Every structure is written in C-alpha cells, then in structure tokens.
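Chains as they are written, first to last, in my numbering: chain X, 6 to 148; chain S, 2 to 168.
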C-alpha cells in the first residue's frame, strides 16, 4: 500500500495522475494520521473542501414564496380598504413574512369574501368575522 | 424540466459557492452571486437537458457573475481591472485550523489562472474537460497550468518547511 501511494504521489507531482488516482490519494490522506509534507498538503485541501454556506436556497421555492407574499399583500390591501369603509378610519397596512401563514390567511379571507359575494349574509356578522381576521393578522405580524 | 434543475444544478450550489468565495473572498457576497446564478439558470431551465456539461456550464456562469461583480465594484476594491484579482481562501473567514493556513496563503499568491485551475481540480475534482469548459481554455492548457501550479505550490511548501515563510 505504502509503495502504491508513493508511486501515485510521484505521478501526482509530475502532473500525470488521472482523476480517479487523485481521488484515491485524497481518500488515503483523509484517514491517514501521517504528518509528512504530502499528508499536511492533502489535509489542508480537505479543509478548504469542507467550506460551504448553509443557506443557499432553491430559486424555485423562493419564487413560490414571493407569490405567497404578493397574494398576502393584495389580500391585506383589500381588507384594509374594507375596514376603512366600515370604520371610517385610515387604513392600516400589514405584511406577513411567513409564506405559510400568508397563504392560510389569504385562503381564509378569500373564502369569506366569496361567501359575502354569494349573498344571504348578515352584514353585522360579516363585520364581526372581518374583525376576527384582522386580529389574527395583527397576531401573526407580531410573532 | 424542473427535475433536471433539481438533479443537475442544485447539487452544484455548494461548489458554486466555494468557487465564488475563492474569487470574491466574501461569504455573503459569494452567497448572493450564487443565488443570482441559480435564479438565472432556473429561468433557462428549458435548455438544461441540452447542456452536455452542466457542471462546467454552471461554474462558468458563476465565474462570469463574479468577474462582472468585481468590474462593477473595482473602485471599491481598488483594482485597476479584474485581471489583477487574486483568488484566495481568506483564512480570517474560513474556519481553518491554524496548521493549515499556510496553504491558503500560498494559493493567495498564485496567478489567477493557476489558482482557478487548482481550485477546480483539487478542491472540486473537475475533469480536464470541465475545467477547460469553465475557463474557456484548451485541455492542453489546463494540463500545463495544473502541472506548473503543483510545482509552484510544492516549492513554496518546501520553502515554508525550510525557512518558515511563504515566498
């Protein structure tokens, strides 16, 4: 084994090793406890190899997150306009960063809005429900 | 199409990051460049199945983005042009054990082409063809540069062991 590694090292420094032979050298020195110059060289390379950034994200998922956020912002804008009309107050604007929460609330609000359009609902009951949604958004924003 | 992206490109993200970091020497900037590259590649996902060498292609996109960023920010970096940019593994940022910093310091002093070829072969395990594709040079040039680089690194290693300094 030792003579095999010695031969590979000679080839390596002469620039004549294949990729597989180089992988064999890296693998050997990863486990080997020697402190020779060659061993220190390969161990230092291994240390560089281990550097990585933990938070690089798949842009496909990032794009979806952007959509949820946009939907939430539009929904909240609609709610804010509704509340303004009901309360005669200046509309407030809330933004939710968590895409799952944003989607859940968007679906809830659109469910209620479509029910309202379906008619047959008491306006007071509708207003009460909207107030409950408003409280949920405030709570989500604070968390 | 989405599968091709997941199976051929996303596994390269950390390689792209290490390469970007070696050029830019800044963790967050390298991460931002890689995110931009992944978004750009995602927008081109329809052609992924036609790319013969997706790894070399993705790394070339990474390299070009890094060099573009350097060109845009060269006044901030006090560079005349990107050719003066060295490639390195800034040991202040990397979690190097003290005994291994010597290699980072040697690599920092290499001419950029030597350092890039070294990085792609020794750190990322690229074939000669992949390195040639990434750097847009011939396979023959890759072999010549790699051999010269290993000699350069070895001479500096010997100097450090003999005199305790690099160059």
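Every residue, glycine too, gets a C-beta built ideally from N, C-alpha and C.
All figures in this text were calculated on a predicted structure; none of them were measured in a lab.
Residues that residue i contacts on chain S, provided the C-beta gap is smaller than 7 Å
i	result
residue 44 of chain X	Correct list: empty, because the minimum Cβ distance to chain S is about 11 Å.
residue 182 of chain X	Outside the shown range of chain X, which is 6 to 148, sits residue 182 of chain X, and nothing can be said about it.
Within 9 Å, strictly: CB atoms of residue i and residue j
i	j	result
residue 57 of chain S	residue 131 of chain S	yes
residue 10 of chain X	residue 104 of chain S	no
residue 13 of chain S	residue 59 of chain S	yes
residue 64 of chain S	residue 117 of chain S	yes
residue 35 of chain S	residue 23 of chain S	no
residue 6 of chain S	residue 49 of chain S	yes
residue 66 of chain S	residue 44 of chain S	no
residue 40 of chain S	residue 64 of chain X	yes
residue 141 of chain S	residue 20 of chain X	no
residue 53 of chain X	residue 19 of chain S	yes
residue 37 of chain X	residue 44 of chain X	yes
residue 150 of chain S	residue 111 of chain S	yes
residue 159 of chain S	residue 107 of chain S	no
residue 48 of chain X	residue 35 of chain X	yes
Start and end residues, alpha helix (DSSP H) containing residue i
i	result
residue 37 of chain X	Element bounds for residue 37 of chain X: n/a, residue is neither H nor E.
residue 157 of chain S	140-164
residue 60 of chain S	55-73
residue 1 of chain S	There is no way to answer for residue 1 of chain S, as the model of chain S reaches only from 2 to 168.
residue 26 of chain S	Here residue 26 of chain S belongs to no alpha helix (DSSP H), and DSSP marks it neither H nor E.
residue 135 of chain S	129-136
residue 11 of chain X	7-18
residue 115 of chain S	113-119
residue 109 of chain S	102-109
CB-CB length for residue i against residue j, believed under 8 Å
i	j	result
residue 13 of chain X	residue 25 of chain X	Between residue 25 of chain X and residue 13 of chain X the Cβ distance is about 10 Å, and since that is not below 8 Å, they are no contact.
residue 115 of chain S	residue 153 of chain S	7 Å
7 Å Cβ cut-off: residues of chain X touching residue i
i	result
residue 151 of chain S	18, 20
residue 128 of chain S	24
residue 144 of chain S	20
residue 228 of chain S	There is no way to answer for residue 228 of chain S, as the model of chain S reaches only from 2 to 168.
residue 14 of chain S	61
residue 158 of chain S	42, 46
Within chain S, partners of residue i - CB distance below 9 Å
i	result
residue 32 of chain X	What residue 32 of chain X touches in chain S: nothing, since even the nearest Cβ is about 11 Å away.
residue 60 of chain X	32
residue 11 of chain X	Within chain S, no residue comes near residue 11 of chain X; the closest Cβ sits about 15 Å away, beyond 9 Å.
Interface residues of chain S facing residue i [CB-CB closer than 8 Å]
i	result
residue 50 of chain X	104, 123, 124
residue 28 of chain X	126
Interface partners of residue i on chain X, CB under 8 Å
i	result
residue 148 of chain S	19, 20
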